[in-house]
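Heads up: the structure comes next, in structure tokens.
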Amino acid sequence: MTAAGPYFEDVNVADEISSLTKAPITEVQLVKYAGASGDFNPIHTVHHYAEKAGLGGVIAHGMLSMGFVGEHITKWMGETGTLKRLGVRFIAITRPGDVVTLTGRITGKSESDGEHLVQCELWAEKQDGTKTVTGTATVSLPSRV
Amino acid sequence: MVDKSVIGKTTPTCKMDVEKGHIRRFAQAIGDDNPLYYDEEYAKKSRYGGIIAPPTFPTVFGFEGERVLSGLDINYARLLHGEQEYEYLKPIMAGDTIRFSTKITDVDVKEGKGGAMDIIKTEMAGYNQHDEKVFVARSTVVIRR
Chain H
284 MTAAGPYFED VNVADEISSL TKAPITEVQL VKYAGASGDF NPIHTVHHYA EKAGLGGVIA
344 HGMLSMGFVG EHITKWMGET GTLKRLGVRF IAITRPGDVV TLTGRITGKS ESDGEHLVQC
404 ELWAEKQDGT KTVTGTATVS LPSRV
Chain E
5 MVDKSVIGKT TPTCKMDVEK GHIRRFAQAI GDDNPLYYDE EYAKKSRYGG IIAPPTFPTV
65 FGFEGERVLS GLDINYARLL HGEQEYEYLK PIMAGDTIRF STKITDVDVK EGKGGAMDII
125 KTEMAGYNQH DEKVFVARST VVIRR
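Protein chains in written order, with our numbering: chain H, 284 to 428; chain E, 5 to 149.
What follows is the structure, encoded as structure tokens:
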């Protein structure tokens, strides 16, 4: 029934986390995200305001990009994994029309208090290769032992 | 310009009921199709026993109740989200009542390419109706002067 993810023993440092490409960001998506998150800063939804602010048009919420990163890591770990920590740095703006691809890599494995933890680095890129977000995560995975 | 004297400023504790429709709309805005966020029957049979919120859902709490940055001399058109980190201690479930409060933990000035920037760091902790700590959120925002 559940979408099982990897076991701790199946994961190795330097392994790549299979990438995820999102559908192009749309203006309607930014309106939906504003409504759902409660972030009504008009730089994300009101064109003339964003232009006046010197942004050259509306820009996506940083937290939408982090939402993509969260989707990516939770899809990889499956329902048998548990996300313990997720941290990101926002480094470039995304706009409507941008296509974001999420990628990652395993950077460490450890055991603590009976938990089997995996550390990962994660990043998001636009269609032109610009990195928009970099991040790190810690995931607890089931063990066969 | 934000004065260092606001370090330690803490919002009153606020409560929010986490509704399943809100979780669904939040996940839809991201385009995350994980059935744990939508499908009650599926989620009931999962190890969580019900609908859970996506990893970045706590961003909602930051826009609910009193904003920690309200009353500060900030031009929101020049505010950008720099970094965001979550520690997860328990899942947030549909039907939970989460109480939370946000604190300003640091204020600094940095010289960037485009001139001076104010850097504000905040921390929010969230607890559920069972008085269990469910998450800690740390944010860094940057305000271009």
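All residues carry an ideal CB built from backbone N, CA and C; glycine is no exception.
On the criterion of 16 or more Cβ atoms from any shown chain inside 10 Å, does ALA36 of chain E qualify as buried, or is it exposed?
For the record, residue 36 of chain E in the displayed sequence is Asp; it is not Ala. Buried.
Is the number of C-beta pairs between the region 306–315 of chain H and the region 367–383 of chain H that are closer than 8 Å three or more?
yes
Select from the region 350–364 of chain H all residues with a C-beta closer than 9 Å to any C-beta belonging to chain E, and list them in chain order.
GLY350, PHE351, VAL352, GLY353, GLU354, ILE356, THR357, LYS358, GLU362, THR363
Quickly, what does DSSP pair PHE139 of chain E with across the bridge? List them, please.
E:TYR92, E:GLY130
Whole-Å CB distance - ALA98 of chain E paired with GLY54 of chain E, under 8 Å assumed
6 Å
Pick from E:GLU44, E:ASN38, E:ASP77, E:LEU40 that is closest to VAL6 of chain E, judged by C-alpha positions
E:ASP77
To the nearest whole angstrom, what separates the beta carbons of ALA120 of chain E and MET128 of chain E, a pair I think is in contact under 8 Å?
About 27 Å separates the two Cβ atoms, so there is no contact after all.
Among residues of its own chain, excluding the 5 on either side of GLN402 of chain H, which ones have a beta-carbon nearer than 6 Å to its beta-carbon?
THR390, GLY391, THR421
Can you find a C-beta in chain E that's less than 8 Å from the C-beta of TYR409 of chain H?
The residue you asked about is not Tyr; residue 409 of chain H is Lys in the sequence shown. It does not: the Cβ of LYS409 of chain H has no partner Cβ on chain E nearer than 8 Å.
Look at the alpha carbon of ASP298 of chain H and the alpha carbon of ARG388 of chain H, and state the distance between them as a whole number of angstroms.
6 Å
First through last residue of the beta strand (DSSP E) which encompasses VAL314 of chain H:
No beta strand (DSSP E) contains VAL314 of chain H, which is instead part of the alpha helix (DSSP H) from 310–320.
With a threshold of 16 other CB atoms inside 10 Å of the CB of ASN132 of chain E, please say whether the residue is buried or exposed.
buried
By the criterion of Cβ-Cβ separation under 9 Å, what are the contact partners of ARG29 of chain E in chain H?
LYS315, GLY318, ALA319
Could you check how far apart the C-beta atoms of LYS315 of chain H and GLN32 of chain E are, in whole angstroms? I think they sit under 8 Å.
7 Å
Closest by CA to GLU354 of chain H, which one among E:LEU73, E:GLU70, E:PRO58?
E:PRO58
With a CB to CB cut of under 7 Å and the five nearest residues on each side skipped, what residues in its chain are close to VAL138 of chain E?
LEU93, LYS94, ILE96, ILE102, GLY130, TYR131, ASN132
HIS134 of chain E: which of E:ILE27, E:ASP100, E:ILE108 sits nearest, CA to CA?
E:ASP100
So the beta strand (DSSP E) GLY118 of chain E belongs to, where does it begin and stop?
Careful: GLY118 of chain E lies outside any beta strand (DSSP E) and carries neither H nor E.
Which residues bound the beta strand (DSSP E) around MET349 of chain H?
First-last for MET349 of chain H: 345–360, but that is the alpha helix (DSSP H), not the beta strand (DSSP E).
Excluding the 5 residues flanking GLU398 of chain H on each side, which residues of the same chain have their C-beta closer than 7 Å to its C-beta?
SER423
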